[in-house]
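Asker: Numbering (this note's numbering), first residue to last: 481 to 709. My questions all concern the structure below.
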């Protein structure tokens, strides 16, 4: 079985790398590790949609995988999706691709720049229908994500994005990962752990070490589950 593990930064998956016996990794690079009968390519894309899109396209053009697994931390818009909680993102929208119009935001679909039902979109969304039970993630809460180039940290803009998309979480890479996997028809999972609430920016309230710890525990569990396939 061949897996692709994708992360934006090395620190987000450093504990997993150590568990897999892999001590060196660099951004904008891919390394292969072997774990039981699994061949695992570790891809560190760098932060953001642009970097993720490029490296996902490059890697998937030259390799085939049984599963692509994106791992990372995220911000939560909802208090019932608490800091430290690990979730399975099953829906993505690029929430800042578009134009401002008299104080409002028009996304690419509303501007008629992208047909809302042109593959891989469904009603303007990227939907992941990979069966989670097959890969050991059925216990994780399924959530809706938005992907942005500029994370939200000002209550006025937070209120507007909630009104427009009603998202559960936000990241800076998820939509690019889904877009590539859906086009190439690669089964995929986007697993994220909440490091902070999306609110007026205050990094003193963030719990990044906790999020990374919990994320990597789940990630190793998923990989071990797939050694049995």
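Yeah, the Cβ is synthetic: ideal placement off N, Cα and C, and Gly gets one too.
Decide if residue 707 is buried, meaning its Cβ has at least 16 other Cβ atoms within 10 Å, or exposed.
Answerer: Flag for residue 707 reads exposed.
Asker: Assuming residue 649 and residue 567 make a contact with CB atoms under 8 Å, what is their CB distance in whole Å?
Answerer: Right, their Cβ atoms sit about 7 Å apart.
Asker: From which residue to which residue does the alpha helix (DSSP H) around residue 539 run?
Answerer: Here the alpha helix (DSSP H) through residue 539 covers 529–542.
Asker: Tell me the rounded alpha-carbon separation between residue 711 and residue 554.
Answerer: Because residue 711 is not part of the residues shown, which for the chain are 481 to 709, the question remains open.
Asker: For a test of the three-state rule: what should DSSP assign to residue 561, helix, strand or coil?
Answerer: In the structure shown, residue 561 sits in coil (DSSP, three-state: anything other than H, G, I, E or B).
Asker: Using the C-alpha atoms, what's the distance from residue 596 back to residue 519?
Answerer: In a straight line, the C-alpha of residue 519 is about 36 Å away from that of residue 596.
Asker: Would DSSP call residue 627 helix, strand or coil?
Answerer: Correct three-state label for residue 627: strand.
Asker: What are the boundary residues of the alpha helix (DSSP H) that includes residue 639?
Answerer: 635–645 is the extent of the alpha helix (DSSP H) around residue 639.
Asker: Per DSSP, what kind of secondary structure is residue 620 in: helix, strand or coil?
Answerer: Coil.
Asker: CA-CA distance, residue 516 and residue 481?
Answerer: Between residue 516 and residue 481, the C-alpha separation is close to 10 Å.
Asker: Is residue 558 near the ligand NAP, with its Cβ less than 7 Å from a heavy atom?
Answerer: As for the ligand NAP, it is missing from this structure, which has no ligand bound.
Asker: I need the boundaries of the beta strand (DSSP E) containing residue 676, first residue and last residue.
Answerer: Its beta strand (DSSP E) spans residues 668–677.
Asker: DSSP three-state call for residue 514: helix, strand or coil?
Answerer: Strand at residue 514.
Asker: Give the DSSP-derived three-state secondary structure of residue 581 in the structure shown.
Answerer: DSSP places residue 581 in strand when its eight states are reduced to three.
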